[in-house]
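Written out below as structure tokens is the structure these notes cover.
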Amino acid sequence: MSNDKPVSLNVCPVSTLMDEVCEITCRNLEPHKSTSLLAIIHNDEDATSFYSLGTFVSDLRGEIDVNRSFSYSGTYTGTESMGLFWSAIPAPDQKGGSRLIKRVVDVSLDWNLFLIDGCADEEDVMVVVNHVKRCRARQKKEKVTSGNERASTNDGPNSEHLLINDVTLPDNKRVLARAISKRYYCYPSDVTQTAIRDGRVRGIVFSLKNKEHESKSKAFGERKGIIEVYGGGSFKLYKAALLAQRGFVVFALAYCDYEDLPRREINTTVDYFIEAVEYMLSNRFPIRFDVKCGIGLIGLCKGATLLLELAAVNPQNAIRCVVAVNAPCFNSIGSFTRAGSTENIAHVWNMKDPLLQKTNIGVISDGLLEWFLRKDPSEQERIGIPVERIDAEILFVFGVDDVSIGVRNMEYMVERMRKRGKDNYKCLVYPGAGHIIDPPIFPLCHASYWPMFGDVFVWGGLPKLHHDAQVDSWKRIIEFFKIHLC
Numbered sequence: 001m002s003n004d005k006p007v008s009l010n011v012c013p014v015s016t017l018m019d020e021v022c023e024i025t026c027r028n029l030e031p032h033k034s035t036s037l038l039a040i041i042h043n044d045e046d047a048t049s050f051y052s053l054g055t056f057v058s059d060l061r062g063e064i065d066v067n068r069s070f071s072y073s074g075t076y077t078g079t080e081s082m083g084l085f086w087s088a089i090p091a092p093d094q095k096g097g098s099r100l101i102k103r104v105v106d107v108s109l110d111w112n113l114f115l116i117d118g119c120a121d122e123e124d125v126m127v128v129v130n131h132v133k134r135c136r137a138r139q140k141k142e143k144v145t146s147g148n149e150r151a152s153t154n155d156g157p158n159s160e161h162l163l164i165n166d167v168t169l170p171d172n173k174r175v176l177a178r179a180i181s182k183r184y185y186c187y188p189s190d191v192t193q194t195a196i197r198d199g200r201v202r203g204i205v206f207s208l209k210n211k212e213h214e215s216k217s218k219a220f221g222e223r224k225g226i227i228e229v230y231g232g233g234s235f236k237l238y239k240a241a242l243l244a245q246r247g248f249v250v251f252a253l254a255y256c257d258y259e260d261l262p263r264r265e266i267n268t269t270v271d272y273f274i275e276a277v278e279y280m281l282s283n284r285f286p287i288r289f290d291v292k293c294g295i296g297l298i299g300l301c302k303g304a305t306l307l308l309e310l311a312a313v314n315p316q317n318a319i320r321c322v323v324a325v326n327a328p329c330f331n332s333i334g335s336f337t338r339a340g341s342t343e344n345i346a347h348v349w350n351m352k353d354p355l356l357q358k359t360n361i362g363v364i365s366d367g368l369l370e371w372f373l374r375k376d377p378s379e380q381e382r383i384g385i386p387v388e389r390i391d392a393e394i395l396f397v398f399g400v401d402d403v404s405i406g407v408r409n410m411e412y413m414v415e416r417m418r419k420r421g422k423d424n425y426k427c428l429v430y431p432g433a434g435h436i437i438d439p440p441i442f443p444l445c446h447a448s449y450w451p452m453f454g455d456v457f458v459w460g461g462l463p464k465l466h467h468d469a470q471v472d473s474w475k476r477i478i479e480f481f482k483i484h485l486c
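Put into structure tokens, the structure is as follows:
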């Protein structure tokens, strides 16, 4: 075939939500040409860089379509339409425990894609990573100068500071083409964020603007309400933002690490969460939703534990369903006080705890369950999560490769419910999935730095199986809320 036309690399659509698929195609290559697709992302919030890599061979027409083309090596192998996104790993120069996450959820994560002649290696990766860092630093400086600091740092596919001629690779390799993929947790044009300060309650409500229905109050009233609580003593918004983009009114509820709340989780009271539910049901809550359908809950790890405790109380009989992702069956970190009680239920441990296993990649904490299971059954009954008191529907989501909590926590809670004749639960158990089960296409977080304990903790997970679990569980979580909030 003629090579008169320039090589092209295209992403369609350029802008997508984080859980959506895009198409990546290369054209006008020589037939049967070996090339590499390198994706680089630099997160300005914490100065971390991640990359992914696939090696492909063009077809007879000189084309590569990532949807159907086989990756022979790199961060993933095989035919995976979104492999360049879910297989991303920290760049070689990053510290252990780096995690790809944004705090500002309505600004895109910008993936810079480079088509490279031949098989790219780690040296090539670092050349391009450093190039992207320099370009983004210049663009960030220009944004500050122009006063448009909230704009995405990359300004589009033809950003002048990312011209391919600026990249000089070793061994006479060349960058043949470049493209960009802009991925959002929520579109700023679609979703509104409302900060909440009511009594002790703090958080942010995410909801669709629904501009085409803004004059029809009924449309607002038909939305379903969800409370989302993150784990690990932190306040992260990405899941709430993405659920809001799917049509829910989502109250991301903080219990520490936000505004005037404690910087670290010290003593959490279930009464605080009851207050949040009562506020959401009151006429003070700023966003309308269908109160008659009740409220759904979703939490990860300690967040899920706290929400299960809340569901056991079920203020105003408003809690209809709970999604518990890798939830401990007992209070595994910090301390908390149950509703209407003064008794502090604590498991206070530090980094010298023999139940924590120190490895060369981080701390493995699944031994904490042994601390709980060695206790007398009556003590387990007292300090364990009283799931048998929950009448709302429960969806347990667990990863078998979670080396932090472990699927035995779910088994304990299920057995506790069965003994009381309760069957209002479903279990999603995913082989190869780790602890942090996010929405689909998010890269696996195998280990990350945990500020509460000042060390890197291992969460587990095998990239491809973890990705498959995220795709399936996200679909089922949304279906679960739609079924039970009606």
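With this note's numbering, the residue at position 346 of the sequence shown is 346, and numbering never jumps.
Glycine included, each C-beta is placed from N, C-alpha and C at the ideal position.
Bridge-paired residues (DSSP) for residue i
i	result
Val175	Ile116
Gln245	None; Gln245 has no bridge partner.
Cys293	DSSP lists no partner for Cys293.
Glu23	Cys12
Pro31	Pro31 is not bridged to any residue.
Leu574	For residue 574 there is no data in the structure shown, the boundaries of the chain being 1 and 486.
Asn267	Ser335
Glu180	A quick correction: the sequence has Ile, not Glu, at residue 180. According to DSSP, which records beta bridges pairwise, Ile180 is partnered with Asn112.
Val191	Leu208
Ile89	Tyr51
Asp438	According to DSSP, Asp438 bridges with nothing at all.
Val322	Leu297, Ile394
First through last residue of the alpha helix (DSSP H) which encompasses residue i
i	result
Gly362	Premise fails: Gly362 is in no alpha helix (DSSP H) and is neither H nor E.
His446	That residue, His446, is in no alpha helix (DSSP H); it is neither H nor E in DSSP.
Glu381	377–383
Leu369	368–373
Leu84	83–86
Three-state class that DSSP yields for residue i in the structure shown
i	result
Pro315	helix
Val14	coil
Phe480	helix
Arg200	coil
Trp111	strand
Asp468	helix
Val407	coil
Phe457	strand
Pro72	Before going on, a small fix: residue 72 reads as Tyr here, not Pro. In this structure, Tyr72 counts as coil in the three-state DSSP scheme.
Leu485	coil
Glu343	coil
Gln139	helix
Arg134	helix
Tyr412	helix
Gly303	helix
Thr77	coil
Ala487	This structure does not reach residue 487, given that the chain is present from 1 up to 486, and the question cannot be answered.
Pro6	coil
Asp65	strand
The beta strand (DSSP E) enclosing residue i, as first and last residue numbers
i	result
Asn43	34–43
Val270	Per DSSP, Val270 belongs to no beta strand (DSSP E); it is in the alpha helix (DSSP H), 270–281.
Ala252	249–254
Gly54	48–57
Glu228	225–229
Lys209	It is not in any beta strand (DSSP E) - Lys209 carries neither H nor E in the DSSP assignment.
Ile394	393–399
Tyr425	425–430
Short Cβ contact (8 Å threshold) for residue i with residue j
i	j	result
Leu395	Ile274	no
Ser34	Leu53	no
Phe50	Pro92	no
Ser58	Glu30	yes
Ser207	Arg197	no
Lys183	Trp111	The amino acid occupying residue 183 in the given sequence is Arg; Lys does not appear at that position. In this structure, Trp111 lies closer than 8 Å to Arg183 by Cβ.
Leu300	Val277	no
Val270	Leu310	yes
Ile441	Met126	no
Pick from the options that is closest to residue i, judged by C-alpha positions
i	options	result
Leu169	His131, Cys486, Leu208, Phe248	His131
Asp402	Met417, Arg382, Leu369, Ile385	Leu369
Gly231	Ser404, Gly461, Val21	Ser404
His435	Thr194, Asn172, Gln470	Gln470
Val167	Asp124, Pro451, Asn283	Asp124
Met82	Val107, Thr25, Val129	Thr25
Gly225	Ser234, Asp455, Gly247	Gly247
Asp391	Tyr72, Gly296, Val175, Arg68	Gly296
Gln357	Val458, Lys5, Arg174	Val458
His32	Cys22, Gly62, Leu373	Gly62
Asn424	Tyr430, Ser8, Glu415	Glu415
Phe372	Glu388, Leu355, Val363, Ile361	Leu355
Ser335	Tyr255, Val104, Ala137, Pro286	Tyr255
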